[in-house]
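Everything below concerns the one structure shown next.
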Amino acid sequence: REQSPGWSDAELEPWARSKQQLSPNVAKLYLSQRQPWQGLVNRIDCPGLLITADPTKGGIITPEMAAEAQSLWSGLQVVNLPEAGHNVRREAYDGFMAAVKEFLAQHAQ
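The sequence shown runs contiguously to residue 112 in the numbering used here.
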């Protein structure tokens, strides 16, 4: 709770349980198969939504990275939620849901 005071109480127990269940081998596999994201993003041809947060609070996408992603992916929409850190949906749930709902409404058929 101390590290994530803004999280809903409903998130805490499942998060703790998931940490206990995660195998260190997952990280090894992820790191062994990691590719530069730029080579993947420039091949996407559908609309996308990138929700970013504050890097000083743990967000991993910097404004420069978001701008580069937009330059490579013409259908990418970027929404920044500066009140959030790494766990965007948990730290800024209302803003996260508003961005997702707006994006889906824009692209509904």
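Glycine is no exception: its CB is placed at the ideal position from the N, C-alpha and C atoms.
According to DSSP, what are the bridge partners of residue i?
{"i": "N83", "result": "T55"}
Between the C-alpha atoms of residue i and residue j, what's the straight-line distance to the nearest angstrom?
{"i": "A56", "j": "P85", "result": "5 Å"}
{"i": "G88", "j": "Q112", "result": "32 Å"}
{"i": "G62", "j": "K31", "result": "22 Å"}
{"i": "Q36", "j": "V29", "result": "11 Å"}
{"i": "G98", "j": "S26", "result": "32 Å"}
{"i": "I64", "j": "A72", "result": "10 Å"}
{"i": "A13", "j": "A70", "result": "34 Å"}
{"i": "V91", "j": "W40", "result": "20 Å"}
Would you mind working out which of the options sits nearest residue i, comparing C-alpha positions?
{"i": "L43", "options": "M100, R93, K104 and L75", "result": "L75"}
{"i": "G9", "options": "Y96, M100, A102 and L107", "result": "Y96"}
{"i": "C49", "options": "L79, Q23 and K60", "result": "L79"}
{"i": "L52", "options": "S77, L34, K60 and K22", "result": "S77"}
Pop quiz: residue i and residue j are said to be a contact at Cβ under 8 Å. What is the actual Cβ separation, rounded to whole angstroms?
{"i": "A102", "j": "V82", "result": "4 Å"}
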